[in-house]
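As they're listed, the protein sequences go chains A and B.
The letter at position 90 of the first sequence is residue 90 when you use the numbering used here, and the numbering goes up by one with no holes.
The letter at position 110 of the second sequence is residue 222 when you use the numbering used here, and the numbering goes up by one with no holes.
Here is the structure we will look at.
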Amino acid sequence: EPEVTQTPSHQVTQMGQEVILRCVPISNHLYFYWYRQILGQKVEFLVSFYNNEISEKSEIFDDQFSVERPDGSNFTLKIRSTKLEDSAMYFCASSTTGTEQYFGPGTRLTVT
Amino acid sequence: AQKVTQAQTEISVVEKEDVTLDCVYETRDTTYYLFWYKQPPSGELVFLIRRNSFDEQNEISGRYSWNFQKSTSSFNFTITASQVVDSAVYFCALSEPFNYGGATNKLIFGTGTLLAVQP
């Protein structure tokens, strides 16, 4: 069964460094999402992406964040200059129609 | 504005007990979807069910059942004869309707209910 994959599973970085989190969505899916979950808290929407552009972003998704679909298979989330409060689990999701989203296993980002 | 409330932060039961997890939602849309996800200690999000706003039929899948009531804006989840493997955080979520002008369908999650099933 096709699934969403994410790499790395755990990333440790120093404050101020740039990180790129990678996702490979399910191959025939057209809608892509990033969510984050700070430890012990709820899952929060960051951004949705469709037709090669951002369709919606949350207040969390400020200028430090960007997304890209560089090669038609990967979907990346870049954090330009990480802060301590960016430490969280980041989930990628994809969907054919947008109504049912399939989540990847997540990348745990630790900023020290 | 859309909102999902899971008032139960933690529930502890003994194996074989039945348990109901509550979910109350707010939306001004007439078309929407409701979801339940399970997050075991390993951290991944496991899809359990999707319901659209026009289908109020209750659903049963094995030991799991869901009660959707539009009149009270609730979408409750019951586990019958709970098992230790059911121990996890359970999230209820709401999805905005499909927007043909630009896809959104972001999921709005509740704060989750931690279910601990003791042997």
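Virtual Cβ for every residue (Gly too), placed ideally from N, Cα, C.
Everything numeric in this text was worked out from a predicted model, so none of it was measured.
I'd like the list of long-range same chain contacts for alanine 215 of chain B, defined as Cβ closer than 7 angstroms, with 5 residues on each side in sequence excluded. Any reading at alanine 215 of chain B must be qualified, since the residue scores a pLDDT of 48, below 50, and its modelled position is unreliable; the value itself is stated next. No residues qualify anywhere along the chain.
Proximity test, Cβ basis, 8 angstroms: threonine 142 of chain B and chain A: no
Listed by chain order, chain A residues near arginine 175 of chain B by CB distance under 9 angstroms: Those do not exist, as arginine 175 of chain B stays about 22 angstroms from chain A at its closest Cβ, beyond 9 angstroms.
Which residue comes first and which comes last in the beta strand (DSSP E) that contains serine 186 of chain B? 186-191
Grouping DSSP H, G and I as helix and E and B as strand, with all else coil, what is leucine 84 of chain A? helix
Buried or exposed by the 16-neighbour rule on C-beta atoms within 10 Å, applied to lysine 128 of chain B: With fewer than 16 other CB atoms across the displayed protein chains lying within 10 angstroms of its CB, lysine 128 of chain B is exposed.
Validate contact between the stretch 9-28 of chain A and the stretch 64-76 of chain A using beta carbons, cut 8 angstroms, 3 pairs: As far as the Cβ criterion goes, the stretch 9-28 of chain A touches the stretch 64-76 of chain A, which means the pair count is three or higher.
Given a threshold of 16 other Cβ atoms within 10 Å of its Cβ, counted over all protein chains shown, does glycine 213 of chain B qualify as buried or as exposed? Residue placement at glycine 213 of chain B is flagged as unreliable, the pLDDT there being 46, under the threshold of 50; the coordinate-derived value follows with that caveat. Exposed, because fewer than 16 other Cβ atoms sit within 10 Å of the Cβ of glycine 213 of chain B.
Check whether the Cβ atoms of threonine 107 of chain A and glutamine 6 of chain A sit closer than 8 angstroms, and answer yes or no. yes
Between proline 105 of chain A and chain B, is there a C-beta pair that is closer than 8 angstroms? yes
Flag this pair as touching only if the stretch 83-92 of chain A and the stretch 177-184 of chain B have three or more C-beta atom pairs under 8 angstroms; answer yes or no. no
Decide if threonine 139 of chain B is buried, meaning its Cβ has at least 16 other Cβ atoms within 10 Å, or exposed. buried
Nearest-angstrom Cα distance between asparagine 52 of chain A and serine 9 of chain A? 25 angstroms
Sort A:Ser66, A:Leu39, A:Glu44 by Cα distance to alanine 205 of chain B and report the nearest one. A:Glu44
Tell me, to the nearest whole angstrom, how far the beta carbon of leucine 219 of chain B is from that of tyrosine 202 of chain B; I am working on the premise that it is less than 8 angstroms. No, leucine 219 of chain B and tyrosine 202 of chain B are not in contact; Cβ-Cβ is about 14 angstroms, not under 8 angstroms.
Starting from the Cα of phenylalanine 32 of chain A, find the closest Cα among A:Glu59, A:Glu100, A:Tyr50 and give me that residue. A:Tyr50
Exposed or buried, what is serine 55 of chain A when buried is set at 16 or more other beta-carbons lying within 10 Å of its beta-carbon? Burial state of serine 55 of chain A is buried, judged by a 10 Å Cβ sphere holding 16 or more other Cβ atoms.
Alpha-carbon spacing of serine 194 of chain B relative to glutamate 168 of chain B, whole angstroms: Cα to Cα, serine 194 of chain B sits roughly 25 angstroms from glutamate 168 of chain B.
Mapping DSSP to helix, strand and coil, what is valine 197 of chain B? helix
Using C-beta distances below 6 angstroms, list every residue in its chain close to glutamate 122 of chain B, excluding the 5 sequence neighbours before and after it, in chain order. Leu226
Return the bridge partner residues of serine 48 of chain A from the DSSP annotation. A:Tyr33, A:Glu56
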